[in-house]
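Everything on this sheet refers to the single structure shown next.
Chains as they are written, first to last, in this note's numbering: chain A, 85 to 367; chain B, -5 to 383.
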């Protein structure tokens, strides 16, 4: 999308909302240098009020991710029902969210069609969904998109629970945690999605938490870049859920830090091809 | 990988749906229903097709794959299951191009969640359904029960009687689905095996023409390609919001989907020659059928004529959604007995007919065959004789 498409003609300008004018003047689109998490707060896009619960780790991960897109003017986000829907619908990016768990199939079809229709343009297709969407109901669609080598970046917003449906156990819940539908505690460990990504065709994978905001932004940016030409990529972001895991909303970063020190240590994996591509795009 | 072998594709001359369906000279071929589907896809200027195997659908999607290899289609792949296929077709259509896929019976049910999504997203997807049984005990035999499940998905639904219909209805399907005032998915149904696996005469236009390219700028919803003015779709998402504005917005969206299907009627009349076809409209007995039950009914009428019974007419239902209520009401005005032969145990067509006409006690509850049984003309004749006494 060129700058021309979004810039209003002079005669029309006065009829536009202040938000739109602000988006054109300060927003993340068509910048010489793409925004990073450091630029959060200098524009309205994705930083306005949202309907997530206070202290929501998922909404923070979404803001960090969307502030780090290498080319927001050519990025389409595919989601799935769940908490992530609330913040993502307020972005001005093209965002679609339909049946639960179908996101990597929708993204596969979309990315391929965009290649057919816009062979000379780079269109980034980003999947951004919760842990239930990736690891439970959409696991087959996720893995098969990786096996097929689709050029899409998948970001799991891992809050370790089905938040929007009222706090049920997900496959990414830690073992032993008591939640709805796990009345005596979860009986098996977190699904090893990071390991599955490495063995299922992802050429880049990372595990981060919202306690390290710059790492969240950097890994998502790398995942999107590598997905353009090398293959499927995966970033798993831990964004704790105070509402359902029952801790005060002011303690979200603390909870993420605790995770980062123990079972949610930072990890990054990439193939030689991905590494070489990233070096090349830096140069 | 998207296709770079587009030489053949680009050598085809783009034409209007009117030229393709109405004025292009046709030549005689002797092909199966699956081959007729592929012949339609070959002329449909399809950007992308996605496949998953299931009997009796598979052959049509093998042939569609061959068309991709030959350069007629921009991209094609085999997905992991039918839900994934219909989701990926949804995604491809979001990208603003013309798409095609096909499935059968259990595959239809596996993918079920995506069909209302297509309609709600106002996508002009054309999907071929080769109907088969879905019940326990497992059946791969012809049955039309899956159509009952799809009646309220918001999709437009056509039922082909034979391979000729299958070819014509798929191409007409694109023309109707892509009308700016319609813009809904079209399911084109045929009875598995009877149509897909048998050979018959099909009149085809030349294969050096194809439908004009699909232009997504005429769609009621812009494509998802970030080539449009950015906008925040909603302040507060409608989903999960318990307030009047959310309910009203969702309800009016649904009503608009139904209204779009209503607006399709004139285009069905134009491209398919009507929602129904009637033979012997003044007859005392009317058979109402769709799919291959129409052919069996024709045979029953022929056999009865041999016996000297001449007051039996036939209504062939081509469009199931939108349903031809008024046309059927009119065409049955003089009938004292209505017979609805069906290839399913539920009798969905019978229910639709009963809901559309006055004095629906005239409708006899069958005959119905299922589980793989064929429908010999004798049981249609038997039903007529039983209820006439």
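From the three backbone atoms N, C-alpha and C, an ideal C-beta is built for every residue, glycine too.
For residue 201 of chain A, a Cβ of chain B is located within less than 9 Å of the residue's own Cβ. Taking a beta-carbon distance threshold of 9 Å, residue 98 of chain A does not count as an interface residue toward chain B. Neighbours of residue 119 of chain B in chain A, taken as residues at a C-beta separation under 7 Å, are lacking, since the least C-beta distance is about 11 Å. Going by C-alpha positions, residue 330 of chain A is about 18 Å away from residue 294 of chain A.
For residue 209 of chain B, no Cβ of chain A is located within less than 9 Å of the residue's own Cβ.
Contacts with chain B at 9 Å (Cβ-Cβ) do not include residue 136 of chain A. One finds 220 in chain B with Cβ atoms closer than 7 Å to the Cβ of residue 158 of chain A, taken in chain order. If only complete runs of 3 or more residues are kept, the segment 0 to 53 of chain B shows the beta strand (DSSP E) at 7 to 9, 21 to 26 and 42 to 45, in order along the chain.
The segment 79 to 91 of chain B makes contact with the segment 189 to 201 of chain A, as at least three CB pairs between them are under 8 Å. Counting C-beta atoms within 10 angstroms of its own C-beta, residue 16 of chain B has fewer than 16 neighbours from the protein chains shown and is therefore classed as exposed.
Rounded to the nearest whole angstrom, the CA to CA distance from residue 310 of chain B to residue 113 of chain B is 26 Å. For residue 121 of chain B, the beta-bridge partners assigned by DSSP are B/95 and B/181.
Counting other Cβ atoms within 10 Å of its Cβ, residue 215 of chain B stays below 16 and is therefore classed as exposed. Among the residues of chain B, none has a CB under 9 Å from the CB of residue 241 of chain A; the nearest is roughly 16 Å distant.
Within the same chain, and ignoring the five residues on either side of residue 96 of chain B in sequence, the residues whose Cβ sits closer than 6 Å to its Cβ are 51, 54, 55 and 122.
Burial check for residue 383 of chain B: the Cβ neighbour count within 10 Å stays below 16, so the residue is exposed. By alpha-carbon distance to residue 268 of chain B, the top candidate from B/166, B/124 and B/375 is B/166. Taking 8 Å as the cut-off between beta carbons, the residues of the segment 197 to 231 of chain A near chain B are 197, 198, 199, 200, 201, 202, 203, 207, 224, 225 and 228, in sequence order.
Bounds of the alpha helix (DSSP H) holding residue 244 of chain B are 238 to 257.
If you check each beta-carbon in the segment 296 to 314 of chain B against every beta-carbon of chain A, none falls closer than 7 Å.
Under the three-state reduction of DSSP output, residue 320 of chain A falls in the strand class. The C-beta separation of residue 350 of chain B from residue 319 of chain B comes to about 4 Å, placing the pair in contact by the 8 Å criterion. Identification of residues in the segment 17 to 49 of chain B having a C-beta nearer than 7 Å to some C-beta of chain A yields 41, 42 and 44, given in sequence order. Here DSSP, grouped into helix, strand and coil, assigns residue 352 of chain B to coil. At least one C-beta of chain B is nearer than 9 Å to the C-beta of residue 176 of chain A. The beta carbon of residue 118 of chain A is closer than 6 Å to those of 154 in its chain, skipping five residues each way along the sequence. Contact with chain B is found for residue 191 of chain A, since one of that chain's Cβ atoms lies less than 9 Å from the residue's Cβ. Distance from the Cα of residue 9 of chain B is smallest, within the candidate group B/130, B/49, B/109 and B/199, for B/199. Residue 364 of chain A sits exposed, since fewer than 16 C-beta atoms from the chains shown fall within 10 Å of its C-beta.
Per DSSP, residue 202 of chain B lies in no beta strand (DSSP E) and is assigned neither H nor E.
Residue-level contact by beta carbon fails for residue 309 of chain A and chain B, as no gap is shorter than 9 Å. Remark: fewer than three beta-carbon pairs, one from each stretch, lie closer than 8 Å, so the segment 150 to 161 of chain B and the segment 207 to 223 of chain B are not flagged as touching. Nearest Cα to residue 143 of chain A within the set A/280, A/101 and A/212: A/212. Residue 217 of chain A and residue 185 of chain A do touch by the CB rule: their CB atoms are close to 6 Å apart, below 8 Å. Apart from the 5 residues on each side of it in sequence, residue 22 of chain B sits with its Cβ closer than 7 Å to the Cβ of 195 and 197 in its chain, given in chain order.
With contacts defined by Cβ atoms closer than 9 Å, residue 315 of chain A and residue 235 of chain A form a contacting pair.
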